[in-house]
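Student:
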Amino acid sequence: MTTIGALSHRLERTVVIRARREIVFGFFTDPARWASWWGAGSTIEARPGGRLIIRYPNAVEACGEVTELVVPERITFTYGYASGHPIPPDGSIVTIRLQAEGSHTRLHLMHAFAAAGVRDHHVQGWRYQLSLFANIVANEVYAGASDTVDAWFQAWSDPDAAAREATLTRVAAPDVCFQDRFSLIDGVADLIAHLDAAQRFMPGIRLQRHGEVRHCQGVVLADWVALAAGGEERARGTNVFVLNPNGCIESVTGFWSQHP
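Numbering (our numbering), first residue to last: 48 to 307.
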């Protein structure tokens, strides 16, 4: 089998993923998660000596063998193409290291090749695949984003002060920030007082999500509409939510559309 000492050309790339290291590493040990990254038909045996298969959407197949697995820090595997071109089976070596940075994970990839031209051919491929990987991880971590957004709007609409506080404490980080044309709020305690005032000055107003949320790596866009007690539309706009890796709201920026 090829050894890393025989491969003198290196491709390295680092990305930060908004998820805990244990979750990120699970995509290297769970065949279903591995396939969610690489595509249907891809699989991995997560043990030294275990085989892996990557089936790309264009029907190109890569394969290799796991040579090292240190949970949840590092995985090393050989990589080549079933066709033998441009890399023969087991003809290159990939090492992925994960470093915990608070609740985020810094992923460092190193791919060692025998030839510089083949290395250069894979630069954009890894740029794309690691971007795709970060999104696949985020889709799992933030699977409950719609429910979190709906709870936020419910807190604004609920006339019960205790219920509002309970909801915000559940879905928002203690240091949550909120800003829009009428608000500049820091911290959940200040936000609770702000919602109390909104209930006093705008009784009966309901906020609700309008349409599906749009999500990318912990950032969520949600359109909303404000309705009077009788159902008349009073305003609408879009909120940008930033969620932490625990799924709680770190910040919200609200953009108002023209009033009807």
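Idealized CB from N, CA, C, for every residue including glycine.
1. By a C-beta neighbour count over all protein chains shown, 10 Å radius and 16 as the cutoff for buried, is residue 265 buried or exposed?
2. Count the other CB atoms within 10 Å of the CB of residue 298; is the residue buried (16 or more) or exposed (fewer)?
3. For residue 224, count neighbouring Cβ atoms within 10 angstroms of its own Cβ and tell me buried if that reaches 16, exposed if not.
4. What are the boundary residues of the beta strand (DSSP E) that residue 222 is part of?
5. Taking the beta strand (DSSP E) that residue 151 belongs to, which residues open and close that run?
6. On the criterion of 16 or more Cβ atoms from any shown chain inside 10 Å, does residue 284 qualify as buried, or is it exposed?
7. Go ahead and pull the three-state DSSP assignment for residue 188.
8. Let me check understanding here. Comparing Cα to Cα, which of 155, 243 and 270 lies closest to residue 308?
9. Just how far apart, CA to CA, sit residue 278 and residue 81?
10. Should residue 248 be labelled buried (16 or more other beta-carbon atoms within 10 Å of its own) or exposed?
11. Going by DSSP in three states, residue 286 sits in which element: helix, strand or coil?
12. Given this structure, state the Cα-to-Cα distance separating residue 73 from residue 60, to the nearest angstrom.
13. If we count the other Cβ atoms within 10 Å of its Cβ and call it buried at 16 or more, is residue 65 buried or exposed?
14. Buried or exposed: which applies to residue 89, given that a residue is buried once 16 or more other Cβ atoms fall within 10 Å of its Cβ?
Tutor: Concretely, from the data shown:
1. buried
2. buried
3. buried
4. 219 to 227
5. 151 to 160
6. buried
7. helix
8. Residue 308 cannot be examined here, being either before or after the span of the chain that is shown, 48 to 307.
9. 47 Å
10. exposed
11. strand
12. 20 Å
13. buried
14. buried
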